[in-house]
Amino acid sequence: MTEVADAVPVITRGHFEEAFANARRSVSVHDLYKFDEFRKKMDPAYAKKVDGSNNKPTINWPEDLSSQFNNAAVADDDLYD
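In structure tokens:
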């Protein structure tokens with residue numbers, strides 16, 4: 139049996155950024171506001187963090203660690219032997 143090369147061997151930050159750039163919202167602004175008010179009421183730590191900011195969510199991306207997967211094939215060779 140011939141093996142097919144994986145077209146996308148590692149999912150990277152660029153893949154997520156491309157997906158987010160083309161995504162559309164599926165929740166209304168009104169529903170987001172209701173959820174935010176509910177979360178402020180139920181989570182005081184969140185309320186402190188949000189107050190005084192522009193209320194826009196941000197994603198804190200970790201450093202690109204895709205190199206950790208370069209040696210994965212070596213480690214997987216004996217997985218089912």
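Everything in the sequence shown is counted per our numbering, starting at 139 for the first residue and increasing by one.
For each residue, glycine too, the CB sits at the ideal point set by N, CA and C.
Extent of the continuous alpha helix (DSSP H) to which residue i belongs
{"i": "Asn-160", "result": "151-160"}
{"i": "Arg-177", "result": "167-180"}
Beta-carbon contacts of residue i that lie in its chain and below 8 Å, excluding the five residues immediately before and after
{"i": "Lys-172", "result": "none"}
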